[in-house]
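Student:
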Amino acid sequence: MDTWTVTVANQGGATFDVDASRPLLETLREQGVDLPYGCRYGGCITCAAKVTSGKVDQSEQVALNNRQLKNGYAVLCVARPVSDCILEVGVESHDELYRNPFLDPLEPHELKPDIATTTGEH
Amino acid sequence: MVDVAETEMTCCGPGYASPRDAIAAPIEKLLYTVALYTGTGIQKPDYLATIDADPDSPTYSQVIHRLEMPGIGDELHHTGWNACSSCHDDASMSRKYLLLPGVRSNNIYVVDTATDPRAPSLHKIIDGDEIKEKANLSGPHTIHCLGSEIIISFLGDAKGEAPGGYLHVNEDFEIVGRWDNSMGDIPYGYDFWYQPRHNVMISSEWAAPNTFLPGFDLEEVGHLKYGRRLHVWDFERREPVQTMYLGEDGLMPLEVKFLHNPDSTHGFCCAALSSNVIHFWKDEDDPEWKWEKTVDVANELLPDWPIPLPGVMSALLVSMDDRYLYVNNWLHGDMRQYDITDPHNPVLTGQVWMGGLLGKAPVVNGAEVAGGPQMFQLSLDGKRLYVTTSLLSTWDNQFYPEIRTKGGVMVMIDCDVENGGMAINEDFIVDFGQEPNGPSRCHETRYPGGDCTSDIWL
Numbered sequence: 049m050d051t052w053t054v055t056v057a058n059q060g061g062a063t064f065d066v067d068a069s070r071p072l073l074e075t076l077r078e079q080g081v082d083l084p085y086g087c088r089y090g091g092c093i094t095c096a097a098k099v100t101s102g103k104v105d106q107s108e109q110v111a112l113n114n115r116q117l118k119n120g121y122a123v124l125c126v127a128r129p130v131s132d133c134i135l136e137v138g139v140e141s142h143d144e145l146y147r148n149p150f151l152d153p154l155e156p157h158e159l160k161p162d163i164a165t166t167t168g169e170h
Numbered sequence: 029m030v031d032v033a034e035t036e037m038t039c040c041g042p043g044y045a046s047p048r049d050a051i052a053a054p055i056e057k058l059l060y061t062v063a064l065y066t067g068t069g070i071q072k073p074d075y076l077a078t079i080d081a082d083p084d085s086p087t088y089s090q091v092i093h094r095l096e097m098p099g100i101g102d103e104l105h106h107t108g109w110n111a112c113s114s115c116h117d118d119a120s121m122s123r124k125y126l127l128l129p130g131v132r133s134n135n136i137y138v139v140d141t142a143t144d145p146r147a148p149s150l151h152k153i154i155d156g157d158e159i160k161e162k163a164n165l166s167g168p169h170t171i172h173c174l175g176s177e178i179i180i181s182f183l184g185d186a187k188g189e190a191p192g193g194y195l196h197v198n199e200d201f202e203i204v205g206r207w208d209n210s211m212g213d214i215p216y217g218y219d220f221w222y223q224p225r226h227n228v229m230i231s232s233e234w235a236a237p238n239t240f241l242p243g244f245d246l247e248e249v250g251h252l253k254y255g256r257r258l259h260v261w262d263f264e265r266r267e268p269v270q271t272m273y274l275g276e277d278g279l280m281p282l283e284v285k286f287l288h289n290p291d292s293t294h295g296f297c298c299a300a301l302s303s304n305v306i307h308f309w310k311d312e313d314d315p316e317w318k319w320e321k322t323v324d325v326a327n328e329l330l331p332d333w334p335i336p337l338p339g340v341m342s343a344l345l346v347s348m349d350d351r352y353l354y355v356n357n358w359l360h361g362d363m364r365q366y367d368i369t370d371p372h373n374p375v376l377t378g379q380v381w382m383g384g385l386l387g388k389a390p391v392v393n394g395a396e397v398a399g400g401p402q403m404f405q406l407s408l409d410g411k412r413l414y415v416t417t418s419l420l421s422t423w424d425n426q427f428y429p430e431i432r433t434k435g436g437v438m439v440m441i442d443c444d445v446e447n448g449g450m451a452i453n454e455d456f457i458v459d460f461g462q463e464p465n466g467p468s469r470c471h472e473t474r475y476p477g478g479d480c481t482s483d484i485w486l
């Protein structure tokens, strides 16, 4: 079993060894990390966390747009670590997750990956 | 109209023989309102709040009981009864169970409200994963009873992709399967209402769960990720037969209500993003259903905002006497009352402000209002309108981030049923910012005896 070490920066910097093949929501909750969640299939962003260091595979996610991805967000219910990671979890990490769309619209390349233009160049 | 003989014969089941009888029912003394912690940062389950609505009670205008769901993250949203006036003549039925779907978890909680109406209890859970396995559905929304059985609209398939469909549940709350025989070419689902005497159901369109659950990206409207149609169904054949394309007038058509008179072929829908009321109807000698825009709330231009702000008319209901239509503008912050005596020509007869982004009423009865008027329920006699402020946790977080610390509120509006008019009742306020586990958000409300969005007459 491949494992990586995940640090939860905003819960006292606690570290956890997690299975690389399973979603972080499951492996962290099993070790007592209190995390929010909703749909459990990558569709609703309730469990979004910010990855401030390291890399995850969240290819199953369908909820985050490219701006949220660029800002480091991952939906933990489908994200699997592919390196050691440092995370900020819960709504404390959501400062850049939500925006008023009438005040702060997205550029065409910032939409969800399935409808975004492929590059930021116009 | 229901004739006297029929009224006398039908005496024993739930609900009322006619809308006229419903108006004369005893006034509501308890309210059931869903309250949520999903998306708030508080790691507690969503719950069903019982609110004391009896002005003679010492706990008037307070939450007197909280039924917590078994786990976190459901996002309780809309609710519906196991039985309504559609089985009024079935003495074996009673309005005992309130169904609470979790729009994110896909679970449906069946709550017993009859054993102790002040302290409802959990009776059964229809497991969200079982619904995905047996019916390939997720994202539950509207519940209506069908005589003794129940149908629930779901906005997505098991993977959260549109159009979803309708779950059929029997009176023991077992999954029968899909109710719809076909979704035709319907791209999206949301709300529905049926009018059995005309063998018709009308359904509306929000979006796929994967589109709306994470929040609102305005640009996705242009990518046709949000709906703009109403669908006419052959109710007995359980399949769509006509599409009404509303275009720019009907962006995001949400709640659908027929008039309560079971003979009527008139109904209304609110197009949330266009902030329009859509009137739909059928003339006697024409099989086609028609529609028209009857109310158009203009977007507001705000300094420094690159895009004008729409009202976001997300909900709508019709008074039991079919005289008044109530709509909200969640982002502007106003509730409106229209006289719809002529459904083609609604007349604005009342308007009040509570919350909203225009800053017209930031405080109501001493409570800071984070959010705007969103869900509302009207008393059967039409005189008391209970209004809550949360739309969906992710959308709340986008438009009203301060709701995280302030929570939602419930306001009561006194409605003048004789001359028209609305006024905020100064003796009533339920501040969900003061809940024992921290600020929660309140959504749909129902009364034990039925209300203005629960009952349909056969």
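Just so you know, the protein sequences line up as chains E and G, in that order.
Heads up, the first sequence is in this note's numbering, so the first residue is 49 and it goes up one at a time.
Heads up, the second sequence is in this note's numbering, so the first residue is 29 and it goes up one at a time.
Even glycine gets a Cβ: it sits at the ideal position worked out from N, Cα and C.
(1) With 9 Å as the limit, tell me which residues of the segment 123 to 136 of chain G have their beta carbon closer than that to any beta carbon of chain E; keep them in chain order.
(2) State the Cα-Cα distance for the pair residue 57 of chain E and residue 133 of chain E, rounded to the nearest angstrom.
(3) Determine, using beta-carbon pairs with one atom in the segment 186 to 193 of chain G and one in the segment 233 to 244 of chain G, whether at least three such pairs fall under 8 Å.
(4) In chain order, which alpha helix (DSSP H) runs of at least 4 residues are fully inside the segment 217 to 258 of chain G?
(5) With 9 Å as the threshold, decide whether the Cβ of residue 98 of chain E is near any Cβ in chain G.
(6) Around the Cβ of residue 40 of chain G, are there at least 16 other Cβ atoms within 10 angstroms (buried) or fewer (exposed)?
(7) So is residue 32 of chain G buried or exposed if we call it buried at 16+ other beta carbons inside 10 Å?
(8) When the Cα of residue 335 of chain G is compared with those of G/43, G/247 and G/219, which residue comes out closest?
(9) Find the residues of chain G that neighbour residue 111 of chain E, judging by a C-beta separation of less than 8 Å, and give them in chain order.
(10) By the criterion of Cβ-Cβ separation under 8 Å, what are the contact partners of residue 153 of chain E in chain G?
(11) Can you check whether the C-beta of residue 427 of chain G is within less than 9 Å of a C-beta belonging to chain E?
(12) Considering residue 333 of chain G, what are the terminal residues of the alpha helix (DSSP H) in which it resides?
(13) Which residue wins for smallest C-alpha separation from residue 379 of chain G, given the options G/443, G/386, G/399 and G/436?
(14) Would residue 383 of chain G count as contacting chain E if we go by Cβ distances under 9 Å?
(15) Report the three-state DSSP secondary structure of residue 84 of chain E (helix, strand or coil).
(16) Verify the CB distance criterion: does residue 461 of chain G have a CB-CB separation below 9 Å to chain E?
(17) Could you give the C-beta distance for residue 175 of chain G and residue 122 of chain G, rounded to a whole number, given that I count them as a contact under 8 Å?
(18) State the Cα-Cα distance for the pair residue 139 of chain G and residue 67 of chain E, rounded to the nearest angstrom.
(19) Chain E beta carbons: is any one of them nearer than 9 Å to that of residue 166 of chain G?
(20) Does chain G have any CB closer than 9 Å to the CB of residue 148 of chain E?
(21) Can you tell me whether residue 451 of chain G is helix, strand or coil according to DSSP?
(22) Got a sec? Which residues, its chain only, sit under 7 Å from residue 5 of chain G by beta carbon, not counting five neighbours each side?
(23) Say whether chain G places a C-beta atom closer than 9 Å to the C-beta of residue 145 of chain E.
(24) For residue 223 of chain G, which residues of its own chain have a beta-carbon under 6 Å away from its beta-carbon, when the five flanking residues on both sides are left out?
(25) Within a Cβ cutoff of 7 Å, which residues of the same chain sit near residue 101 of chain E, ignoring the five residues on either side of it in sequence?
(26) Identify the contact partners of residue 251 of chain G in chain E, using a Cβ-Cβ distance below 7 Å as the criterion.
(27) Determine, for residue 76 of chain E, whether the minimum Cβ-Cβ distance to residues of chain G falls below 9 Å.
(28) From residue 92 of chain G to residue 149 of chain G, what does the alpha carbon distance come to, in whole angstroms?
(29) With distance defined between alpha-carbon atoms, name the residue in E/147, E/158, E/166 and E/155 nearest to residue 430 of chain G.
(30) Span of the alpha helix (DSSP H) holding residue 386 of chain G?
(31) Is any beta-carbon of chain G found at less than 9 Å from that of residue 82 of chain E?
(32) Taking the beta strand (DSSP E) that residue 474 of chain G falls in, what are its first and last residues?
(33) Is it true that the CB of residue 308 of chain G sits closer than 9 Å to the CB of residue 258 of chain G?
(34) Report buried or exposed for residue 219 of chain G, applying the criterion of at least 16 other Cβ atoms within 10 angstroms of its Cβ.
(35) On the criterion of 16 or more Cβ atoms from any shown chain inside 10 Å, does residue 273 of chain G qualify as buried, or is it exposed?
(36) Please say whether residue 51 of chain G and residue 409 of chain G have beta carbons closer to each other than 9 Å?
Tutor: So, from the data block:
(1) Those would be 130, 131, 132, 133 and 134, in chain order.
(2) So the two alpha carbons sit approximately 10 Å from each other.
(3) Proximity of the segment 186 to 193 of chain G to the segment 233 to 244 of chain G meets the contact definition, three or more beta-carbon pairs being nearer than 8 Å.
(4) Annotation note: the segment 217 to 258 of chain G contains the following uninterrupted alpha helix (DSSP H) runs of length 4 or greater, listed N- to C-terminal: 237 to 240 and 247 to 250.
(5) Residue 98 of chain E has a beta carbon lying at 9 Å or more from every beta carbon in chain G.
(6) Exposed: under 16 other Cβ atoms inside 10 Å.
(7) The predicted model places residue 32 of chain G with a pLDDT of 40, which falls under 50 and marks its position as unreliable, so this point remains unresolved.
(8) For the set G/43, G/247 and G/219, the Cα lying nearest the Cα of residue 335 of chain G is the one of G/247.
(9) For residue 111 of chain E, the neighbours in chain G by C-beta distance under 8 Å run, in chain order, 238, 241 and 242.
(10) The contacting residues are 246, 247, 334 and 335.
(11) At least one CB atom of chain E sits nearer than 9 Å to the CB of residue 427 of chain G.
(12) In the DSSP annotation of this structure, residue 333 of chain G is not part of any alpha helix (DSSP H), being labelled neither H nor E.
(13) In terms of Cα proximity to residue 379 of chain G, the closest of G/443, G/386, G/399 and G/436 is G/443.
(14) No, because no Cβ of chain E sits closer than 9 Å to the Cβ of residue 383 of chain G.
(15) Secondary structure of residue 84 of chain E (DSSP, three-state): coil.
(16) No Cβ of chain E is located within less than 9 Å of the beta carbon of residue 461 of chain G.
(17) Not really, about 14 Å apart at Cβ, beyond 8 Å.
(18) Cα to Cα, the separation comes out at about 39 Å.
(19) Yes - at least one Cβ of chain E is within 9 Å of the one on residue 166 of chain G.
(20) Cβ-Cβ to chain G under 9 Å: yes for residue 148 of chain E.
(21) Three-state result, residue 451 of chain G: strand.
(22) This structure leaves residue 5 of chain G out entirely; chain G is present only between 29 and 486.
(23) Judged by the 9 Å Cβ criterion, residue 145 of chain E is in contact with chain G.
(24) Its chain contains 286 as the residues whose beta carbon lies nearer than 6 Å to that of residue 223 of chain G, once the 5 sequence neighbours on both sides are disregarded; these appear in chain order.
(25) Excluding residues within five positions, the ones whose Cβ falls inside 7 Å are 133 and 134.
(26) Against chain E, the beta carbon of residue 251 of chain G has neighbours under 7 Å at 163, listed in chain order.
(27) Chain G contact via Cβ: absent.
(28) Spanning the two alpha carbons is a distance of roughly 14 Å.
(29) Looking at E/147, E/158, E/166 and E/155, the one whose alpha-carbon comes closest to that of residue 430 of chain G is E/147.
(30) Looking at the DSSP string, residue 386 of chain G is not in any alpha helix (DSSP H), and its letter there is neither H nor E.
(31) Residue 82 of chain E has a beta carbon lying within less than 9 Å of a beta carbon in chain G.
(32) Annotation: the continuous beta strand (DSSP E) that includes residue 474 of chain G extends over 469 to 474.
(33) Yes, Cβ-Cβ distance for residue 258 of chain G and residue 308 of chain G is below 9 Å.
(34) Burial is judged here by how many other beta carbons sit within 10 angstroms of a residue's own beta carbon; residue 219 of chain G has at least 16 and is buried.
(35) Classification for residue 273 of chain G: exposed.
(36) The answer is yes: Cβ separation under 9 Å.
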